[in-house]
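Residue numbers (this note's numbering): 3 to 335.
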């Protein structure tokens, strides 16, 4: 079996659909999952342990098509669960509604979306949110090309940018948090739905800058360097402590799974979700993300039992939200 979730994620991306685990009958009931590459390591770890616990009686497939790509499949009724690195959008809600698909929203972890540079970069170890906007906003395309255009003290060298593709929830979150509007970005950067491609790009170019989920950074910390983000109170590095105390802003974010309400009638799906929430704290930590409180995991299962469908988010992709307060409200349909 592959040793790291990066290798598993790459395999899933290459075969275009899923990770399968050996020793499981092809006739077993299947739980079908797809979506975010950021959430993939969590759900994949849960799927692996769940299948072991079930001794091959249930099969779980976990694919990577990005949050947007996953929601397209989900709203067509092709999968049971979608991994999402941001809340469902109004257009996705409408697409699901047109197909008669209802869903249960479950936050599963916190992420510190991480801006990274090459270790040989000794000039931009702290970047302000204003500087990030200057680099990534649409108006920068073809104009902001060199590091010294961001800060005159920085080198007169071309910036090589790497970021997730347009179907990525990480791309949507970053652009809303930094630029001010989801998907509002320059287009002249190397884009990929596979975070490992982005890691390798930044690791191989001393003028590179990119962004992706914390787990992919921390697993590659010997090859790339995290940038401290200054949102007005000095540079702050991503960590469990800075996510928990709210100082890593605005790039702390919740991660989700969305469950097809009809699929939640199936025993294998319910069993999987119970296992997910009961083991989330350990497995989220294991794959280097930040677990939620036990009360939120318990609340997810309560929402599942009561079939509480819809989203708790109001026209936002989740920038600077407080989950504990949000989940006390009634979801919107």
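Cβ atoms here follow ideal geometry from the backbone N, Cα and C, with glycine treated the same way.
All values reported here derive from a predicted model rather than from experimental measurement.
Relative to the Cα of residue 117, the nearest Cα in the group 276, 285 and 227 belongs to 227. Look at residue 207 here: in three-state DSSP terms it is coil, with no helix or strand label. In the same chain as residue 60, and ignoring 5 residues on each side of it, the C-beta atoms closer than 6 Å to its own belong to 30, 31 and 270, in chain order. For residue 326, same chain residues with a beta-carbon under 8 Å away, outside a window of 5 residues either side, are 295, 297 and 298 in chain order. Listed as beta-bridge partners of residue 118 by DSSP are 212 and 228. Note on the region 179 to 206: whole beta strand (DSSP E) runs with a minimum of 3 residues are 192 to 194, in chain order.
Taking the Cβ atoms as the reference, residue 164 lies roughly 6 Å from residue 210, within the contact range of under 8 Å. Going by DSSP, residue 268 is part of no alpha helix (DSSP H) at all; its letter is neither H nor E. Between residue 68 and residue 39, the gap from beta carbon to beta carbon is short of 8 Å. For residue 107, the pairing in a beta bridge is given by DSSP as 260. Inclusion of residue 105 and residue 261 in the CB contact set at 8 Å is warranted, their separation being smaller than that value. When DSSP reads this structure, residue 166 sits in a beta bridge with 194. Secondary structure remark: continuous alpha helix (DSSP H) runs of at least 4 residues inside the region 130 to 163, in chain order: 131 to 138. With a threshold of 16 other beta carbon atoms within 10 Å, residue 267 falls short and is exposed. Residue 74 counts as buried, since at least 16 other C-beta atoms from the protein chains shown sit within 10 angstroms of its C-beta.
DSSP links residue 32 through a beta bridge to 61. Between residue 283 and residue 289, the alpha-carbon positions lie close to 10 Å from each other. Boundaries of the alpha helix (DSSP H) harbouring residue 48: 42 to 55, taken from the DSSP string.
For residue 183, the number of other beta carbons within 10 angstroms of its own is below 16, and it is reported as exposed.
For residue 285, same chain residues with a beta-carbon under 6 Å away, outside a window of 5 residues either side, are 47 and 48 in chain order.
Per DSSP, the unbroken alpha helix (DSSP H) holding residue 302 starts and ends at 296 to 307.
Secondary structure note for residue 245: its alpha helix (DSSP H) is the uninterrupted segment 242 to 246. Beta-bridge annotation (DSSP): residue 313 is paired with 334. For residue 158, same chain residues with a beta-carbon under 8 Å away, outside a window of 5 residues either side, are 148, 149 and 150 in chain order. A straight-line Cα-Cα distance of about 13 Å links residue 83 and residue 110. Assignment of beta-bridge partners to residue 83 by DSSP yields 35 and 261. With contacts defined as CB atoms closer than 8 Å, residue 103 and residue 79 qualify as a contacting pair.
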